[in-house]
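Asks: Chains A and B are the protein sequences, given in the same order. Last residue of the first sequence: number 237 in numbering that gives the first Met the number 0, and the count goes up by one each step with no gaps. Last residue of the second sequence: number 459 in numbering that gives the first Met the number 0, and the count goes up by one each step with no gaps. Glycine included, each C-beta is placed from N, C-alpha and C at the ideal position. There's a structure below that I have some questions on.
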Amino acid sequence: MIIELLYPDTAMMFGDRGNADYLKACLPEAEFVRTSYTDEPYFVKHKPDLIYMGSMSEKTQKKVIECLMPYKEILRQRIEENVPVLFTNNASEVLFDYIEEEDGTKIPALGLYHLHVKQDLMHRYNCLVKGTYNGMTIVGYRTTFTFAYGDLESHPFVKVVKGTGMNKQSPIEGIHDHNLFATYLLGPFLLLNPDFVQYFLREVLGIKDAKPAYEETIREAYRRRLEEFNDSHTDFYQ
Amino acid sequence: MNTKKTVRFYLALWIAKLSVVAIRLLGRPATNLPGRLAMRICPDFFAVVEKPSYVLGVTGTNGKTTTCNLIEDVLRDQGIGFADNHEGGNIDTGILSALIKNTKLSGKKKKDLAVFEFDERSTVKSFPYIEPDVLLVTNLFRDSYKRNAHVDFIYSVLDKTIPSRTKLILNGEDLISSNLKEGNARVLFGIDTEKHAETPFPNRINDLTDCPVCGTKLEYVYRRYNHLGEAYCPKCGFGTKPFDYAVKKIDYVKNRIAVRHGKEETELKLLGTNLTDVYNTIAAFAALREYGIAAEKIASSFEKLKITETRYKEIKNGEYSSKGILAKGMNPVAISQVLNFIRSEKGNKEIVFMFEDLEVRAESCENVSWIYDVDFEFVNDESLKHVLVVGSRCYDVKARLLMAGIPEKIIDVCPKDADALQHVRYEGIDHWYVLFDITSTKIGWKLEEEIAKRMGGNNA
């Protein structure tokens, strides 16, 4: 099994390195390929078993878009070939049409999904999110300078039950297309959602009988968190 | 911007000052309420209120308060009066509250020198109205993801807000903060000795891997921790510059450091036992020298200073010790530094983690993603005999500890703070470390004291 980590030195902020480490814990036999700015991505000539990219700064987003732009059609092809892809937090935004900065400048992104974001760097938006996907309750935290707009309906991931979706009016969180999962949720996302991890390992990566690592501990953490998320006194908008 | 004192200004001033009296009579802790009130009544207040002639500002991610305290202790010892913002806090309304306190009913300022700690993000609201003459930036690291996002963001905020006339005192070993405001006058401080890594292996996070000028991978000559150290770009020549204030020698046994500045060499008492304390000391020294206090006067004042026990306290009983350490929650770099300190100590250890933010717990559910940027791996060795994780997020932290390779059999969890003491182990342990957040200092200190009563086989 080969897992490609895109730009891990700069695109694993906000604890997202935990997602990569957790994948290692769940898949101890997997080989991890680290792609840096000067590398041709592994997915260009190969079909990795999973491509992962995490949170980054706004400056890094521009660099990543520049690095991936020559390969955007290959990335699109890989997605259509059902290569599993997991992008967390604002890694998702590099897949959109453009990123609009505060002064109105539009930074073209890869254009794989007809969405765009507007940045507001003076206002950081934080909230808890609870939603559903495929019968599972998904939980996580959102912390962004942006909201996404555009074609949110074509490839929805999580249906938001409480909290904020792609924007303040949207009940949709994230993108799910073939085996691509792009979500704004932090936690890290995988560690917070043991049911999703089990589904991801078994159904998406095709590893039968796979179990989440440290299952007892993360399920108890999940149970307690869900209890708090279900409590009507819990402030979702901190 | 109106800077004329109007009737509205005086009304705002008097009501704000009255609020200070009211707060004191109620026995409540001082807050930024006076500043908030004043701005409500008179939106121009910040622009109008008289500012001290000399403002020495301190900002940065870690070490602001400790460095401010050192500066103030020396000024006090030297008989130099100053205004400070400890009571009101370091955001804009806290600075304003300090200015109100420094203003007479007549509207005239009292003290002509201010030592103000500025919250980095809040400089957007403070610096348009109060321009520091000198600004010390201790360092820039990752901090609260919810508020400060990431280092790039805070760097860009400061780079935009710092006034052009402000002289900067910057950490020369921090290639992020030391490049702020290229055009401003500056001096650099740094540690020009013991050039090696402080950590057993590189930290999980390094916010400067590539040259900020040309994007080429930087080459590190040495990396103390995270991105602090000496580095150069092999392509464009960007890199560490010589220090104006350099620590040439550190003696942790005698608690002394030797500082070179120009042709001067000064020996200073070191208050503390680790590298962070050295940085705080040299930073404070540089700020005081830039203000104009002679080196020998600074040194003589330092001799009289003692380590304050607000952030670190040790209780010893023979060969045993119990240590309470304020470990800022949501600040992975600060906590990693504490863990590195614990790693370096000899003897069998127990660590109690109780760094949950109690204020968030009361209303919401804390986002603990930051724990995946903390170097828990540093304490994974044979000397660690027991770990107790306390609080609502104890299972999340346990998962992280398991991922750091810490054996499950030595990890216990305790969701309720009140039950923590009964889960502490004593057999086979020499040193206990209680790490707590700024919101849990009371229970943290209490636990440390209770452990101290029981350590070494004593009955409480």
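Could you give the DSSP three-state label for A148(B): helix, strand or coil?
Replies: Coil, per DSSP.
Asks: Quick test of your reading: G14(A) and L184(A), contact by CB under 8 Å. State the CB separation rounded to the nearest angstrom.
Replies: Incorrect: roughly 12 Å between the Cβ atoms, too far for contact.
Asks: Sorted by chain position, which residues of the same chain lie with C-beta nearer than 7 Å to D209(B)'s C-beta, five sequence neighbours on each side aside?
Replies: Closer than 7 Å at the Cβ level, and outside the excluded window around D209(B), lie T215, K216 and L217.
Asks: Contact between the region 85-105 of chain B and the region 264-277 of chain B: three or more CB pairs below 8 Å?
Replies: Result no; under three Cβ-Cβ pairs closer than 8 Å.
Asks: Just the chain A side, please: which residues come within less than 9 Å of S363(B) by C-beta, in chain order?
Replies: Within chain A, the residues near S363(B) are L127, E227, T233, D234, F235, Y236 and Q237.
Asks: With a CB to CB cut of under 6 Å and the five nearest residues on each side skipped, what residues in its chain are close to N379(B)?
Replies: Answer for N379(B): A403, G404 and I405, listed in chain order.
Asks: Check each residue of the region 186-212 of chain B: if its Cβ is closer than 7 Å to any Cβ of chain A, include it; give the result in chain order.
Replies: Within the region 186-212 of chain B, the qualifying residues are R203 and T208.
Asks: Quick check on A245(B): buried or exposed, where buried means 16 or more other Cβ atoms within 10 Å of its Cβ?
Replies: Label assigned to A245(B): buried.
Asks: Smallest Cα separation from H149(B): which of T142(A), P155(A) and R201(A)?
Replies: Cα-wise, what sits closest to H149(B) is T142(A).
Asks: For the region 124-147 of chain B, enumerate the residues whose C-beta is nearer than 7 Å to any C-beta of chain A, in chain order.
Replies: If the cut-off is 7 Å between Cβ atoms, the region 124-147 of chain B has Y144, K145 and R146 near chain A.
Asks: Can we say the region 194-205 of chain B touches the region 169-184 of chain B, given the rule of at least three CB pairs closer than 8 Å?
Replies: With a cut-off of 8 Å, the region 169-184 of chain B and the region 194-205 of chain B do not count as touching, because too few Cβ pairs lie within range.
Asks: Give the single residue among S153(A), E57(A) and A19(A) whose Cα lies nearest to the Cα of Y97(A).
Replies: Here the closest residue by C-alpha is E57(A).
Asks: Could you check the C-alpha separation between E318(B) and D429(B) for me, to the nearest Å?
Replies: One C-alpha to the other measures close to 7 Å.
Asks: Measure the CB-CB distance between I217(A) and A82(B) and report whether it falls below 8 Å.
Replies: Against a cut-off of 8 Å, the Cβ pair of A82(B) and I217(A) comes out as no contact.
Asks: Against chain B, which members of the region 124-154 of chain A pass a CB distance test of less than 8 Å?
Replies: Per Cβ criterion, the list reads N125, L127, Y140, T142 and F144.
Asks: Using C-beta distances below 6 Å, list every residue in its chain close to K124(B), excluding the 5 sequence neighbours before and after it, in chain order.
Replies: Closer than 6 Å at Cβ, skipping near neighbours: D91.
Asks: Against G173(A), what residues of chain B qualify as contacts under a CB-to-CB distance less than 7 Å, listed in chain order?
Replies: In chain order: nothing, as chain B lies at least about 17 Å away.
Asks: Taking the DSSP output, what are the residues bridged to H385(B)?
Replies: Bridge partners of H385(B): E349(B).
Asks: How about A220(A): is its C-beta nearer than 8 Å to some C-beta of chain B?
Replies: Chain B, which has a Cβ nearer than 8 Å to the Cβ of A220(A), makes this yes.
Asks: What runs of the beta strand (DSSP E), each 3 residues or longer, lie entirely inside the region 56-132 of chain B?
Replies: Correct list: 112-116.
Asks: Beta carbon of I314(B), beta carbon of E448(B): below 8 Å?
Replies: Yes. Within cutoff.
Asks: Please classify A417(B) as buried or exposed, where buried requires at least 16 other C-beta atoms within 10 Å of its C-beta.
Replies: Classification for A417(B): exposed.
Asks: Measuring only the C-alpha atoms, how far is V388(B) from E362(B)?
Replies: Going from the Cα of V388(B) to the Cα of E362(B) covers about 21 Å.
Asks: Which runs of the beta strand (DSSP E), 3 residues or longer, sit entirely within the region 201-264 of chain B?
Replies: Counting only runs of 3 or more, we get 218-224, 227-231, 244-250 and 255-260.
Asks: Of the residues D208(A), P211(A), H113(A) and A212(A), which one's Cα is nearest the Cα of Y148(A)?
Replies: It is H113(A) whose Cα lies nearest to the Cα of Y148(A).
Asks: Should the region 55-72 of chain B be regarded as contacting the region 1-11 of chain B, the criterion being three or more beta carbon pairs within less than 8 Å?
Replies: Too few Cβ pairs lie closer than 8 Å, so no.
Asks: Would you call E365(B) buried or exposed, if buried means 16 or more other Cβ atoms sit within 10 Å of its Cβ?
Replies: The residue in question, E365(B), is buried, as its Cβ has 16 or more Cβ neighbours within 10 Å.
Asks: Can you check whether the CB of Y36(A) is closer than 8 Å to the CB of L85(A)?
Replies: Going by C-beta atoms, L85(A) is not nearer than 8 Å to Y36(A).
Asks: How do the region 39-46 of chain B and the region 61-77 of chain B stand: do at least 3 beta-carbon pairs fall below 8 Å, yes or no?
Replies: Cβ pair count under 8 Å is below three, so no.
Asks: CB-CB under 6 Å to K166(B), same chain, minus the five flanking residues each way: which ones, in chain order?
Replies: Here the set comprises V133 and A184.
Asks: Just verifying my parser: in three-state terms, what is the DSSP assignment at I450(B)?
Replies: If DSSP states are grouped into helix, strand and coil, I450(B) belongs with the helices.
Asks: Quick one: Cα of V252(B) to Cα of L338(B), how far?
Replies: Rounded to whole angstroms, V252(B) to L338(B) spans 21 Å at the Cα level.
Asks: Identify every residue that forms a DSSP beta bridge with I314(B).
Replies: Partner(s): S321(B).
Asks: With 16 other CB atoms within 10 Å as the buried threshold, where does Y236(A) fall?
Replies: So Y236(A) counts as exposed.
Asks: Just to confirm the assignment, what range does the beta strand (DSSP E) spanning N18(A) have?
Replies: Premise fails: N18(A) lies in the alpha helix (DSSP H), R16 to C25, not in any beta strand (DSSP E).
Asks: Mind pulling the chain B residues with CB within less than 8 Å of D20(A)?
Replies: Correct list: Y371 and M402.
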